[in-house]
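Asker: Take any residue in the sequence shown, count from 1 to its spot, add 548: that is its number in our numbering.
Glycine included, each C-beta is placed from N, C-alpha and C at the ideal position.
Note that the structure is predicted; figures quoted are calculated from it, not measured.
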Amino acid sequence: MFSTERMAYLRILLLKEDALRVAGELARKEIIHPLPEDYGGSYSPDPDLLRRLEDLLKRAETLRFRLGAKPFSLSPEEIPLDLESLLEEVERPVAELEEKVARLDAMRQELLEREEEVLYKAAIYELLEDLDVHPGLLRRPRYISVAVGRLPRAQLTRVEAYLGEVPCAWEARPVGRDEAVLVLVGMDAEGISSALSAVRFRPVELEHEGEPQEISEALELERWGIREQLADIEEELQRLGEEWGEKLAFWEEALSANIKLLKEMERFSGTEKAVVLSGFVPLRSCPEVCWDVERLAGEKCYVEYSPVEEVGKENQTPSKFANPRFLKPFERLVATYGLPPYRGIDPTPILAVVFPIMFGAMFGDVGHGAVLALAGALLAFHPRLRGKAGNIGEFLLYMGGASVVFGLLFGSAFGLEFPPLWFRPSEEIMRFMVLCLGFGVGMLSLGVCLNILQSIRRREPLEATFGQWGVFSGIFYWGGLVFLLRSVRGEVPLKWAAFVFGLPLALMLLGNLLWARKEAVEALMGPVEVVMGYLTNTISYVRIAAFGLTHAALMSSVFLIADMLPGEAGLSAVVEGNLLVVALEGLVVSIQCMRLTYYEFFSKFFLEEGRSFRPLKLVDNKVR
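See the structure below:
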């Protein structure tokens, strides 16, 4: 804690035949950040193997989707890394399943076409029955030309125009949303054929003998038979989905992970027979990594590691947080601002203390805090929501807990007041504001101290002494605060103001001009920025009191509106008003806490120079 993980530079020399197995184990543990070295070229996986895996992945994914099975994620520990065994396990079942599904799909398509044909025939026979025309008269006409078939419904308006002067009689009827059936009788066979071809007419053969009523019943029976066969096919596909769905999803994830691993291997160096796996590993994990490599590769490997400081790679080393699990939500807040440099100051533990304090002071309410905490607990511990919500649930749980604590201290629950354990801000506004200013002074002072410490660790004595947030800057701030407090009490005469405020700023100016060798304008602006920065940053913390008082005012408004409404309407207004305050003010207060953290605190010492730790991995975790 308070500093990023100490790293070592690791080199592993392996035979090419062992490289994938060892890299897979390292990726499973997500422990090495690759940094390739030039040993003749990069590692190149077998292109035929990669294509084979990608083709198999696509086929498995297509089958899973076709069978309606849901995908799921595997943990790195569940992913098989033996490619030969995986291919042997997957290829034959996938091929057999593809054949079954293809056969069922072909049968289904054939039945759908038959059903469509029956549908149009039934519509035509129904039309003939309405026209009082016996089907037998149209089947083998001797002196007239007959056209019976289907066409797009949009073409019906063009039939008249295309037939023109052709002597004929015709009738049409819509079928479904987009089609229509047409019966036409005329004398000019050639003219009729030319006109109908222009409107995308397709003939339908009338094969049934007998009376129209009997034919319609036969077609309806045939249609029901087709539907039963389609239902059987869907039932078989559903059965295949239940039998193979989970296996297909498992294979899909396993194949995807192995493909990812093969492509990630290109980040390492290698020759025709050997591979060098090199990169950054947490120093405390190096003995375990060495043991794993020797277990997998036996004596046919060489492993060495050294702290990065000993090999001169500090500037290339990634920053990895080294905090307990319960601080992960605050790591995300830090990472949103930036990453500290390697072995730089990690403010996550500090943020885990001060952020809930600020949030609770601005949102101190037992009831509202309990709502946030319950929502956070649901997101954090519910099996289905936890993966999607990431660390948001834990963050809400912490903030809700802080609100409950401050609600007890301030005596507020759902806007209703009860005897406070400490004091009521709305009744002691000045006290609340002074406490918030005091908190701000403490935060700014901590930021300056951290900057001085960090500058000393980075061997930058001029920055530590004369920098904007260095020693003399701190003396100006702390001395000024003491002077103001004592002068208000009459303990120090005002004539000392020039000495207390001017001396540290003058020393800063001289230091920047004589030792730091800064330009005159830049050196002169330094003290101005210090004065303005301390003044505005300190006053900025008054917003904690402002938003704390706003919370009470908002709840008073909710109850005032509720009192104006009768019965259930008033109760509904109270409930909806509380929910609105929790959602809206909770969001606004979170933003204000982030602003105070980022711009007033982090800006004093935080160096956004860190490189993200991007380990070799098998799966892309959405939340780490």
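Taking the alpha-carbon of residue 604 as reference, which of 639, 596, 625, 618 has the nearest alpha-carbon?
Answerer: Nearest option by C-alpha distance: 639.
Asker: Below 7 Å CB to CB, which residues in the same chain sit around residue 918 once its five sequence neighbours on both sides are set aside?
Answerer: Closer than 7 Å at the Cβ level, and outside the excluded window around residue 918, lie 948, 952.
Asker: Please report the distance separating the alpha-carbon of residue 591 from that of residue 1062.
Answerer: If I take the Cα positions, the gap works out to 53 Å.
Asker: Indicate whether the contact test is met: 3 or more Cβ pairs, each with one atom in the stretch 554-567 and one in the stretch 788-799, closer than 8 Å.
Answerer: These segments do not touch.
Asker: In terms of residue numbering, what span does the beta strand (DSSP E) encompassing residue 707 cover?
Answerer: Here residue 707 belongs to no beta strand (DSSP E); instead the alpha helix (DSSP H) covers 704-711.
Asker: Compare the beta carbon distance of residue 732 and residue 695 with 7 Å and say whether it is the shorter of the two.
Answerer: Cβ atoms of residue 732 and residue 695: closer than 7 Å.
Asker: Would you check if the distance between the CB atom of residue 676 and the CB atom of residue 645 is smaller than 7 Å?
Answerer: No, the Cβ-Cβ distance between residue 676 and residue 645 is not below 7 Å.
Asker: Quick one: is residue 964 buried, meaning 16 or more other Cβ sit within 10 Å of its Cβ, or exposed?
Answerer: Residue 964 should be labelled exposed.
Asker: Residue 873 bridges to which residues according to DSSP?
Answerer: BP columns for residue 873 are empty, so no partner.
Asker: Report the three-state DSSP secondary structure of residue 1154 (helix, strand or coil).
Answerer: In this structure, residue 1154 counts as coil in the three-state DSSP scheme.
Asker: Going by the DSSP bridge assignment, what does residue 627 pair with across the sheet?
Answerer: Its beta-bridge partners do not exist; DSSP assigns none.
Asker: If residue 841 sits next to residue 851, beta carbons under 8 Å apart, how far is it from one beta carbon to the other, in whole angstroms?
Answerer: With a Cβ gap of about 5 Å, residue 841 and residue 851 count as contacting.
Asker: Hey, residue 527 and residue 1056: beta-carbon distance below 7 Å or not?
Answerer: One cannot answer for residue 527 here, as it falls past the ends of the chain, which runs 549 to 1172.
Asker: If you reduce the DSSP assignment to three classes, tell me which class residue 980 lands in.
Answerer: Helix.
Asker: Residues in the same chain with beta-carbon distance under 8 Å from residue 575, minus the five sequence neighbours each way, listed in chain order, please.
Answerer: So the qualifying residues of the chain are 624, 809, 812, 1163, 1164, 1165, 1166.
Asker: Tell me whether the stretch 734-754 and the stretch 613-627 touch, counting them as touching only if at least three CB pairs, one residue from each stretch, are closer than 8 Å.
Answerer: Not touching, per the Cβ criterion.
Asker: Is residue 1008 helix, strand or coil by DSSP?
Answerer: Residue 1008 falls in the coil class under three-state DSSP.
Asker: State the DSSP-derived secondary structure class of residue 718, mapped to helix, strand or coil.
Answerer: Strand at residue 718.
Asker: How many Å lie between residue 955 and residue 908 at the Cα?
Answerer: Using only the alpha carbons, I get a separation of about 8 Å.
Asker: Rounding to the nearest angstrom, what Cα-Cα distance links residue 1171 and residue 802 in this structure?
Answerer: With a pLDDT of only 37 at residue 1171, under the threshold of 50, the placement of this residue in the model should not be trusted; the figure read from the coordinates follows. The alpha-carbon atoms of residue 1171 and residue 802 are separated by roughly 20 Å.
Asker: What is the DSSP secondary structure of residue 766, reduced to helix, strand or coil?
Answerer: Residue 766 falls in the helix class under three-state DSSP.
Asker: Contact check, residue 985 vs residue 1158 under 8 Å by CB: the rounded distance?
Answerer: About 32 Å separates the two Cβ atoms, so there is no contact after all.
Asker: For the pair the stretch 1127-1140 and the stretch 865-872, tell me if three or more CB-CB distances fall below 8 Å.
Answerer: No: the two stretches stay apart, fewer than three of their Cβ pairs being nearer than 8 Å.
Asker: I'd like to confirm the pairing. Which residues does DSSP put opposite residue 557 in its beta bridges?
Answerer: In the DSSP output, where bridge partners are listed per residue, residue 557 has 828, 854.
Asker: Which same chain residues, not among the five before or five after residue 968, have their C-beta less than 7 Å away from its C-beta?
Answerer: Answer for residue 968: 957, 958, 959, listed in chain order.
Asker: Where in the stretch 879-915 do unbroken runs of the alpha helix (DSSP H), each at least 4 residues long, occur, reported from the N-terminal end onward?
Answerer: Listed in chain order, the complete alpha helix (DSSP H) runs (minimum 4 residues) inside the stretch 879-915 are 896-910.
Asker: In the stretch 1043-1100, which residue ranges form an unbroken alpha helix (DSSP H) of at least 4 residues, counting only runs that do not cross its ends?
Answerer: Runs found: 1045-1058, 1068-1088.
Asker: Excluding the 5 residues preceding and the 5 following residue 1077 in the sequence, name in chain order all residues of the same chain whose CB lies nearer than 8 Å to its CB.
Answerer: Counting only Cβ-Cβ distances below 8 Å, and skipping sequence neighbours, we find 1016.
Asker: Spatial neighbours of residue 930 within its chain, please: CB distance less than 7 Å, with the 5 preceding and 5 following residues excluded, ordered by chain position.
Answerer: Same-chain partners within the cutoff: there are none.
Asker: Starting from residue 698 and walking both ways along the beta strand (DSSP E), at which residues does that stretch end?
Answerer: Residues 693-700.
Asker: Taking the beta strand (DSSP E) that residue 753 falls in, what are its first and last residues?
Answerer: Unbroken run through residue 753: none, as it is neither H nor E.
Asker: Take every Cβ of the stretch 1044-1051, pair it with every Cβ of the stretch 984-998, and state whether three or more of those distances are shorter than 8 Å.
Answerer: The stretch 1044-1051 vs the stretch 984-998: no contact.
Asker: Out of 978, 972, 1025, 976, which has the shortest C-alpha to C-alpha gap to residue 997?
Answerer: Selected option, being the one with the closest Cα: 1025.
Asker: Does the Cβ-Cβ distance between residue 817 and residue 584 come in under 7 Å?
Answerer: Going by C-beta atoms, residue 817 is nearer than 7 Å to residue 584.
Asker: For residue 693 and residue 667, I'd like the C-alpha separation in whole angstroms.
Answerer: Those two C-alpha atoms are separated by around 24 Å.
Asker: Whose CA, out of 717, 595, 1086, lies closest to the CA of residue 523?
Answerer: The chain is shown only over 549 to 1172; residue 523 falls outside these bounds and no answer can be derived.
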